[in-house]
Amino acid sequence: MTLSGGDHGTTATREDSGVATKSFEISKRLIWEAWKRVAANQGGPGVDRQSIELFRNRLARNLYALWNRMSSGSYFPQPVKEVLIPKGDGFRPLGVPTITDRVAQMAVKLLVEPKIDAIFHSSSFGYRPNKSGKQAVAQARRNCWRYDWVVDIDLKSFFDTIDHELLGRAVEKHVREPWARLYIRRWLESPVQKQTGELVARDRGTPQGGVISPLLANLYLHELDVEMRQAGLVMVRYADDAVVLCRTQEEAEAALSRMRAWVDANGLKLHPDKTHVEDCRMEGQGFEFLGYRFEAGERWVRKKSLMGLRDKIRALTRRNRGDSIEGIIASINPILRGWFGYFQNAHRYTFSSVDGFVRRYRISEGRQGRTARISTSGASSRLGERHVLPSP
Numbered sequence: 001m002t003l004s005g006g007d008h009g010t011t012a013t014r015e016d017s018g019v020a021t022k023s024f025e026i027s028k029r030l031i032w033e034a035w036k037r038v039a040a041n042q043g044g045p046g047v048d049r050q051s052i053e054l055f056r057n058r059l060a061r062n063l064y065a066l067w068n069r070m071s072s073g074s075y076f077p078q079p080v081k082e083v084l085i086p087k088g089d090g091f092r093p094l095g096v097p098t099i100t101d102r103v104a105q106m107a108v109k110l111l112v113e114p115k116i117d118a119i120f121h122s123s124s125f126g127y128r129p130n131k132s133g134k135q136a137v138a139q140a141r142r143n144c145w146r147y148d149w150v151v152d153i154d155l156k157s158f159f160d161t162i163d164h165e166l167l168g169r170a171v172e173k174h175v176r177e178p179w180a181r182l183y184i185r186r187w188l189e190s191p192v193q194k195q196t197g198e199l200v201a202r203d204r205g206t207p208q209g210g211v212i213s214p215l216l217a218n219l220y221l222h223e224l225d226v227e228m229r230q231a232g233l234v235m236v237r238y239a240d241d242a243v244v245l246c247r248t249q250e251e252a253e254a255a256l257s258r259m260r261a262w263v264d265a266n267g268l269k270l271h272p273d274k275t276h277v278e279d280c281r282m283e284g285q286g287f288e289f290l291g292y293r294f295e296a297g298e299r300w301v302r303k304k305s306l307m308g309l310r311d312k313i314r315a316l317t318r319r320n321r322g323d324s325i326e327g328i329i330a331s332i333n334p335i336l337r338g339w340f341g342y343f344q345n346a347h348r349y350t351f352s353s354v355d356g357f358v359r360r361y362r363i364s365e366g367r368q369g370r371t372a373r374i375s376t377s378g379a380s381s382r383l384g385e386r387h388v389l390p391s392p
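Going by full-length UniProt numbering, the first residue of the sequence shown is number 1, and it counts up by one from there.
Structure below.
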């Protein structure tokens, strides 16, 4: 297969002559499919400041160069760009690879994921094909009907503390292709470029933001799934967020001890304040999982998720936004639809509460024409009448 095309497009034709002269046999079709996935996902530039559009402008040349280097073994990733995103009172670091490195990672992911995913436990839901957070929440809910006690597990800084040696053993065991193993190791060893420009070497972790990172994270925690299953314990896991449901307090305490032993042996840490044993039947106890709060037989939206929605609504309806009422409504509606779509199975009181909050933000036309002003008093509210949050 050859990659050919002008400045704005690429066509793939099947001519694999010349591949045999390379150190590794890598299909050009694989690189092309990887590019299509990366382009569809969009995302910002890495340390080289090259955007999706800039990469597309010289697409044939860029993809051929990447294929050539990967096939010859001379491909080395660039440093990962650190991006800090707000999380609670602080920030969570993301590692953003360059577009070229994202295409390379996607190629490996497309190759090895079907075989690796086939070994994963059915109760592992995070970042897997045909699996979702909603499915994980539904499974946790079903388990709550059968079990009264829960071990709520929080792995502290999981993506940043994955042991490279232990992960390398798992990769060697489950990834057959030598070139894929080689480049996975190089991605793990790639330094991080801080916002100051400083390059920091890494001997642990796989950066959140990398295409291959979720698959590697699931592979690392697969043995934990096996450990819990062999012990007869019922665990639901979404990446590093997990709950173990148990029949008695004694069983839950034993499960936590087993979990702590595995975590310590594999170079990880449990968050001391967020890992605990609770009685799901009691008010004031229970657990939080993927935005929901499970307590006393009910499923609520957790407070943090509810406050996050309110903060978004406040930001979109602030006095100085300078947009028409129609524009504000158009920006709010998709948020409400998505939020309701995910939390539609929560306690019905949640939706009357959110509905009332949205309706309290009255919008009236400002004297500046297109400027929209927010007021908590007044007559009719076009926003309140037209927002789309369904009744429970």
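All C-beta atoms, glycine included, are put in the ideal place defined by N, C-alpha and C.
Under DSSP, no beta-bridge partner is assigned to residue 309.
Taking residue 143 as the centre and dropping the five residues before and after it, the same chain places the C-beta of 234, 236, 245 closer than 7 angstroms to its C-beta, in chain order. Put simply, the region 118-133 touches the region 209-229. At least three CB pairs are less than 8 angstroms apart. When DSSP states are grouped into helix, strand and coil, residue 175 belongs to the coil group.
Taking 9 angstroms as the cut-off, the Cβ atoms of residue 47 and residue 193 count as close. In the three-state scheme derived from DSSP, where H, G and I count as helix and E and B as strand, residue 315 is classed as helix.
Straight-line spacing of the CA atoms in residue 64 and residue 70 works out to 10 angstroms. Taken atom to atom, the span from the alpha-carbon of residue 148 to that of residue 340 is near 28 angstroms. For the 9 angstroms CB-CB criterion, residue 161 and residue 188 do not form a contact. In this structure, residue 137 lies away from residue 336, with their beta-carbon atoms at least 9 angstroms apart.
Apart from sequence neighbours up to five positions away, the residues of its chain that approach residue 240 with a beta-carbon distance below 6 angstroms are 155, 158, ordered along the chain. Taking residue 253 as the centre and dropping the five residues before and after it, the same chain places the C-beta of 277 closer than 8 angstroms to its C-beta, in chain order. Beta-carbon to beta-carbon, residue 85 and residue 45 are separated by about 16 angstroms, too far to satisfy the 8 angstroms threshold. Check the Cα spacing between residue 26 and each of 150, 152, 108, 325: the tightest is with 108. One thing to note: residue 110 has its Cβ no nearer than 9 angstroms to the Cβ of residue 223. Per DSSP, residue 278 lies in no alpha helix (DSSP H) segment; the continuous beta strand (DSSP E) that holds it begins and ends at 276-279. Under a 10 Å Cβ-count criterion, residue 145 is classified as exposed, with fewer than 16 other Cβ atoms of the shown protein chains found around its own Cβ. Sequence-distant Cβ neighbours of residue 124 in its own chain, meaning closer than 7 angstroms and more than five residues away, are 218, 225, 237. C-alpha of residue 257 to C-alpha of residue 151: approximately 10 angstroms in a straight line.
In the same chain as residue 350, and ignoring 5 residues on each side of it, the C-beta atoms closer than 6 angstroms to its own belong to 301, in chain order. Annotated three-state conformation of residue 235 is strand, per DSSP.
Contact check between the region 302-311 and the region 161-176: fewer than three CB pairs, one atom from each, fall below 8 angstroms, which does not count as touching. The bridge partners DSSP lists for residue 124 are 237. The alpha carbon of residue 213 has as its nearest neighbour, out of 171, 87, 36, 24, the alpha carbon of 171. In the structure shown, residue 288 adopts extended strand secondary structure according to DSSP, grouped into three states.
The criterion of a C-beta distance shorter than 9 angstroms is not satisfied by residue 23 and residue 101.
Shortest Cα-Cα distance from residue 279 to any of 197, 271, 294 involves 294. Note that the C-beta distance between residue 313 and residue 357 is below 9 angstroms.
One thing to note: residue 200 has its Cβ no nearer than 9 angstroms to the Cβ of residue 106.
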